[in-house]
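Shown next, in structure tokens, is the structure this report addresses.
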Amino acid sequence: MYNNLMKKRKFRPKEVLLSLTAKCNLRCAHCSIEQRKTVLNKKTALKFINACARAGINRVGFTGGEPFLSLGLMCAISKEAARRGTFFSRVMTNGGWFRTEKELIQAMRRLFAAGYDGNFCLSVDAFHHQELNKCASFARAATVIWARPDIVSIAAVQGAKNDETRKRIAELARLLDGRLAGPRNRPFAIKGAGLFAKIFYIDLSPIGKAASLKDPWDGRWFKDDLCMGPGNVLFVLPDGTVKPCCGYASDADILTIGSIKRDSPEQLLKNARKNLFISSIFSSGFHPVRKRLERAGVRFPGKTTNHCFFCHYITRCVPQLKAFF
Numbered sequence: 125m126y127n128n129l130m131k132k133r134k135f136r137p138k139e140v141l142l143s144l145t146a147k148c149n150l151r152c153a154h155c156s157i158e159q160r161k162t163v164l165n166k167k168t169a170l171k172f173i174n175a176c177a178r179a180g181i182n183r184v185g186f187t188g189g190e191p192f193l194s195l196g197l198m199c200a201i202s203k204e205a206a207r208r209g210t211f212f213s214r215v216m217t218n219g220g221w222f223r224t225e226k227e228l229i230q231a232m233r234r235l236f237a238a239g240y241d242g243n244f245c246l247s248v249d250a251f252h253h254q255e256l257n258k259c260a261s262f263a264r265a266a267t268v269i270w271a272r273p274d275i276v277s278i279a280a281v282q283g284a285k286n287d288e289t290r291k292r293i294a295e296l297a298r299l300l301d302g303r304l305a306g307p308r309n310r311p312f313a314i315k316g317a318g319l320f321a322k323i324f325y326i327d328l329s330p331i332g333k334a335a336s337l338k339d340p341w342d343g344r345w346f347k348d349d350l351c352m353g354p355g356n357v358l359f360v361l362p363d364g365t366v367k368p369c370c371g372y373a374s375d376a377d378i379l380t381i382g383s384i385k386r387d388s389p390e391q392l393l394k395n396a397r398k399n400l401f402i403s404s405i406f407s408s409g410f411h412p413v414r415k416r417l418e419r420a421g422v423r424f425p426g427k428t429t430n431h432c433f434f435c436h437y438i439t440r441c442v443p444q445l446k447a448f449f
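Using this note's numbering, you'd call the opening residue of the sequence shown number 125 and step up by one each time.
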């Protein structure tokens with residue numbers, strides 16, 4: 125039934141992205157996540173993962189907060205997912221959550237024993253002020269324990285403080301006894317002995333605490349019309365709420381499609397289909413949404429190349445958004 129429903133809509137999530145906790149060891153200047161003690165319920169999460177596997181959603185990933193601050197839960201879910209034959213995508217981490225090398229190695233071996241065989245994506249840029257020597261230790265440990273040179277990648281926020289970001293990535297490469305590959309101003313990987321870490325760049329959305337870092341209205345409309353980047357996942361927040369996207373607007377009420385506490389994967393997809401705002405985004409893209417709002421009299425401060433920022437803007441600054449859909 126679930127697969128038949130997916131064929132009718134462009135919102136076709138094949139991955140569950142679990143935000144295990146809102147807790148984090150960092151306080152980053154650009155981060156708008158409200159740090160709370162809420163942690164995803166283990167029993168509910170395991171039940172949902174099993175339901176997703178039966179429904180054909182065959183990939184799971186972990187984010188936060190800092191997911192390693194809920195290591196026990198991440199290991200339990202990994203063990204169950206591995207038992208079901210579910211694939212893993214990535215763990216988003218700042219790589220600086222541990223206090224000692226011993227704690228790091230024990231945690232990584234525990235996750236390995238649980239069956240996790242996905243990737244680790246390290247957030248390294250001007251905004252994450254973790255100790256880079258810890259990031260290097262994390263990368264080395266993952267590469268050795270999983271015996272994979274490409275198991276670690278780098279996620280770097282760009283759009284402000286780019287010079288500082290490049291310096292931090294270069295310093296990480298030095299600590300790993302590696303070198304940067306690609307253009308000097310935008311390298312695509314760190315290469316070293318037994319290590320190949322790809323670098324992915326994320327466009328800064330100047331919202332919340334980051335609102336003063338750059339002008340989001342940069343004079344051009346985004347090219348990425350369909351929300352296929354951070355979107356098209358079942359993004360589960362620590363309280364069990366589910367969104368179709370892990371982007372900057374994901375805390376907006378209009379993007380809520382249910383909760384794993386009460387909804388099956390099939391019901392979540394039905395809820396998304398009934399939500400005309402979400403359906404419009406995933407079936408036609410953001411430009412038709414923008415034009416519909418403009419025809420209704422909505423005037424924007426300018427044009428933006430960041431469709432995640434655009435989504436954040438309209439879900440907060442357009443009164444009674446649901447009335448237009």
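Ideal Cβ positions, reconstructed from N, Cα and C, are used throughout, including at glycine. The structure presented is a predicted model; accordingly, all values stated were derived computationally and were not measured.
How is residue i classed by DSSP in three states: helix, strand or coil?
i    : result
A279 : strand
P368 : strand
S194 : helix
G316 : strand
V215 : strand
T429 : coil
I269 : helix
R183 : strand
R414 : helix
F251 : coil
F346 : coil
Leaving out five residues before and five after residue i in sequence, what residues of the same chain have Cβ atoms less than 6 angstroms from its Cβ?
i    : result
V357 : P137, E139 and L141
L170 : E204
A175 : S388 and P389
L400 : F449
G177 : Contrary to the premise, residue 177 reads as Ala rather than Gly in this sequence. If we look at A177 and ignore the five residues flanking it on each side, its Cβ neighbours are R208 and T210.
T145 : V163, G188, G189, L193, S194 and P362
Leaving out five residues on either side along the sequence, give the residues of the same chain with a beta carbon under 7 angstroms from the beta carbon of residue i.
i    : result
L228 : F222, S261, F262 and A265
K166 : L197 and A200
R416 : F448
R344 : K427 and T429
When the Cα of residue i is compared with those of the options, which residue comes out closest?
i    : options                   : result
F186 : S213, E288 and K226       : S213
A297 : I381, L392 and C259       : C259
D249 : A280, T267 and A238       : A280
A321 : A305, D363 and L328       : A305
G332 : K446, F449, K203 and R440 : R440
I269 : L300, A237, H252 and F406 : A237
F406 : R160, G421, L379 and S383 : L379
I181 : F135, D339 and A313       : F135
G188 : L299, C176, G371 and Q282 : G371
L150 : Q391, H252 and L361       : H252
I326 : S336, V366 and Q282       : Q282
Ordered along the chain, which non-local residues of its own chain (more than five positions away) have a Cβ less than 8 angstroms from that of residue i?
i    : result
R234 : L195 and C199
F324 : C245, S277, I278, A279 and A280
I293 : V248, D249, I278, A280, L304, P311, I314 and I323
R207 : G239
G173 : Position check: residue 173 holds Ile in this sequence, whereas Gly was assumed. So the list reads V140, V184, I201, E204, A205, R208 and T210, once near-sequence residues are dropped.
Measure how close the beta-carbons of residue i and residue j come, nearest whole angstrom, since I'm counting them as under 8 angstroms.
i    : j    : result
G364 : K385 : 5 angstroms
F346 : T428 : 7 angstroms
K161 : E190 : Not quite, the Cβ-Cβ distance comes to about 13 angstroms (not below 8 angstroms), so this is no contact.
At least one CB of chain E closer than 9 angstroms to the CB of residue i: is that the case?
i    : result
L445 : Protein chains in the displayed structure number just one, and chain E is not present.
Problem set entry | Cβ pair count under 8 angstroms reaching 3, the stretch 284 to 293 against the stretch 232 to 245 | no
For this session: Count the CB pairs spanning the stretch 384 to 396 and the stretch 419 to 439 that are closer than 8 angstroms, and state whether there are at least three.
Result: no
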